[in-house]
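Numbering (my numbering), first residue to last: 8 to 570.
Working notes for the structure below.
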């Protein structure tokens, strides 16, 4: 590890921290229906959209109605994206002549982008037409991100409303999020990316002659606009197969910094929205502090492991850190930082190949995802994920010290605990059971590029990434098979909706309860308790899998064993 590397990491953390309050304040005004500087321009558009769709900003929904609207909306998005892929060969804006996407892969991709996972069992520039990239994948990037943010806002209302039966209006939350937040920011980011050299064109792929005289096809396309929402919405799906390691997606250190900040910006700012909506910003800062401590711990371990290098390489007399699978224009520090950021959030974009990380370096992304990506997390998903842990933390603390289990004046009772545990336990259910089957099933084992613990880690990482709605991968696994396309798609759906529905149920339960003032028996919730509960609950849930994979691989490497 170097002083320069830590300076880059600290600069990044400082920028994100400085954005929390202004961006959080803006989002608070947007979702409260207050006037913003964009209201004169976008207000008439917003009202026209409500009239067309038959709803109103004054219309409130019960949590079951809110959930039904969300499910039908996402189902429609899934079907549209699936059909676009299957009909791709007959649709316009296809200068490279891409054919229809195979049914299993089309199902996987539709489930992936609809759930904000963006797992890609294909190379974008060799599989998807411009129309599918824009009207299918990019549109879902916006809608899946807006869905996650809407759920977070609905859950916050459950905690903070004095009493009632409604948690907001899904259509209003979606519209405001897309219109006032995601679209304006992405327009600015797209222009910046074009200036930095990311292509944004509908022209056909370019043919070039190399210095050796060979002919080469250079893929281009409307990439900048997709990269903007890919990072800001923590989607992560690359326009090109190499993702953010491709120079057309991530040309230099400046674009790399902007993309890393984009990944965390909204998720971190939502903690401030939470504090503002409950009238106590200390609660939001407490959550952000818990996230920050876990993030710095992960960055430290990952950076140390990659900077220390591979002991098997050192045994050959070659010193230095592990540069395998990393771009020289980013180096070890920014590669390790990007890996932790993209898995702490549910982004999944990569500027280095995680499969080439050291055993302990590759373990940190797995841990981040298996904890439910509550370290900032996906836009919205990170906040409602960590609120599940808060519900459990308050209940456990109340049992331990004999105080009333309540949070922000709302009593935490059996229904909330059951829903929170369902949301948390659905992740290991999808991750570990599918992994266990895949590593003994011949069709699952056939896709593994490595035997032994690292091969196991490849499969574990895949199902962890899918259920956590992350989308990054250990690239050694061949995922474009019927088995992996179907099971990974199911894992994505489980990881998304078996968390969302319990979260909305908790919101509906809490919003019906009256807020009671704090008393001497109320447990303080702006302290360090949350970090401990996350580590204990997450560690007990996933430690067996972690011990079999990366840790065993690390110990084997120390003793000179190869697989």
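Backbone N, C-alpha and C fix where the C-beta goes; we use that ideal spot for every residue, glycine too.
{"Item": "Where does residue 412 sit, in a helix, a strand or coil, going by DSSP?", "Value": "coil"}
{"Item": "Examine the Cβ distances between the stretch 376 to 390 and the stretch 465 to 479 and report whether three or more of them are shorter than 8 Å.", "Value": "yes"}
{"Item": "Which of helix, strand or coil does DSSP assign to residue 273?", "Value": "helix"}
{"Item": "Using CA coordinates, which residue listed in 15, 493, 384 is at the minimum distance from residue 355?", "Value": "384"}
{"Item": "Round the Cβ separation of residue 205 and residue 158 to the nearest angstrom and send it over; I've been treating them as touching at under 8 Å.", "Value": "Going by Cβ atoms, the distance from residue 205 to residue 158 rounds to 31 Å, so no, they are not a contact pair."}
{"Item": "Just verifying my parser: in three-state terms, what is the DSSP assignment at residue 222?", "Value": "strand"}
{"Item": "Taking the alpha carbon of residue 421 as the point to measure from, which residue in 437, 431, 402 has its own alpha carbon closest?", "Value": "402"}
{"Item": "Put residue 210 into one of helix, strand or coil per three-state DSSP.", "Value": "coil"}
{"Item": "Which residue's Cα is closest to the Cα of residue 395: 508, 465, 141?", "Value": "508"}
{"Item": "Evaluate residue 223 with the Cβ neighbour count: other Cβ atoms within 10 Å of its Cβ, from every protein chain shown; 16 or more gives buried, anything less gives exposed.", "Value": "exposed"}
{"Item": "Kindly indicate which residue of 72, 265, 124 has the alpha-carbon position closest to the one of residue 175.", "Value": "72"}
{"Item": "Is it true that the stretch 269 to 285 meets the stretch 152 to 172, where meeting means three or more beta-carbon pairs spaced less than 8 Å apart?", "Value": "yes"}
{"Item": "Can you list, in chain order, the residues of its chain with a C-beta nearer than 7 Å to that of residue 85? Leave out the 5 residues immediately preceding and following it.", "Value": "117, 118, 121"}
{"Item": "Just to confirm my understanding: we take residue 335, look at its own chain, exclude 5 residues before and 5 after, and list those with CB closer than 8 Å. What are they?", "Value": "none"}
{"Item": "Compute the Euclidean distance between the alpha carbons of residue 199 and residue 450, then round it to the nearest angstrom.", "Value": "45 Å"}
{"Item": "To the nearest angstrom, how far is the alpha carbon of residue 227 from that of residue 340?", "Value": "29 Å"}
{"Item": "Quick one: using the 10 Å Cβ neighbour count with 16 as the cut-off for buried, is residue 381 buried or exposed?", "Value": "buried"}
{"Item": "With distances taken from CA atoms, which of 458, 489, 59, 177 is nearest residue 483?", "Value": "458"}
{"Item": "So residue 520 and residue 418 are in contact, right, with Cβ under 8 Å, and what is the actual spacing, rounded?", "Value": "6 Å"}
{"Item": "Restricting to runs no shorter than 4 residues, where is the alpha helix (DSSP H) found entirely within the stretch 281 to 323?", "Value": "288 to 315, 318 to 321"}
{"Item": "Under a three-way DSSP split, which group does residue 69 fall into?", "Value": "strand"}
{"Item": "Secondary structure at residue 343, three-state DSSP: helix, strand or coil?", "Value": "helix"}
{"Item": "From residue 140 to residue 183, what does the alpha carbon distance come to, in whole angstroms?", "Value": "24 Å"}
{"Item": "For residue 17, count neighbouring C-beta atoms within 10 Å of its own C-beta (all shown protein chains included) and say buried if the count is 16 or more, exposed if not.", "Value": "exposed"}
{"Item": "Would you mind working out which of 217, 267, 128, 40 sits nearest residue 23, comparing C-alpha positions?", "Value": "267"}
{"Item": "From 45, 88, 181, pick the residue whose C-alpha is nearest to that of residue 135; which is it?", "Value": "88"}
{"Item": "From the DSSP secondary-structure annotation, give me the bridge partner or partners of residue 455.", "Value": "484"}
{"Item": "Can at least three beta-carbon pairs, one atom from the stretch 433 to 440 and one from the stretch 494 to 503, be found at a separation below 8 Å?", "Value": "yes"}
{"Item": "Leaving out five residues on either side along the sequence, give the residues of the same chain with a beta carbon under 6 Å from the beta carbon of residue 551.", "Value": "Annotation note: pLDDT 49 at residue 551 (below 50); position unreliable, coordinate value reported separately. Closer than 6 Å at the Cβ level, and outside the excluded window around residue 551, lies no residue."}
{"Item": "Give me the Cβ distance between residue 152 and residue 192, rounded to the nearest whole Å; I'm assuming they're in contact under 8 Å.", "Value": "With 8 Å as the limit, residue 152 and residue 192 do not qualify as a contact, their Cβ atoms being about 11 Å apart."}
{"Item": "Look up residue 445 in the DSSP assignment and say whether it is helix, strand or coil.", "Value": "helix"}
{"Item": "Excluding the 5 residues flanking residue 98 on each side, which residues of the same chain have their C-beta closer than 6 Å to its C-beta?", "Value": "138"}
{"Item": "Is there contact between the stretch 303 to 321 and the stretch 341 to 351, where contact requires at least three CB pairs shorter than 8 Å?", "Value": "yes"}
{"Item": "Excluding sequence positions up to five away, which residues of its chain have a Cβ less than 8 Å from the Cβ of residue 76?", "Value": "68, 177, 178"}
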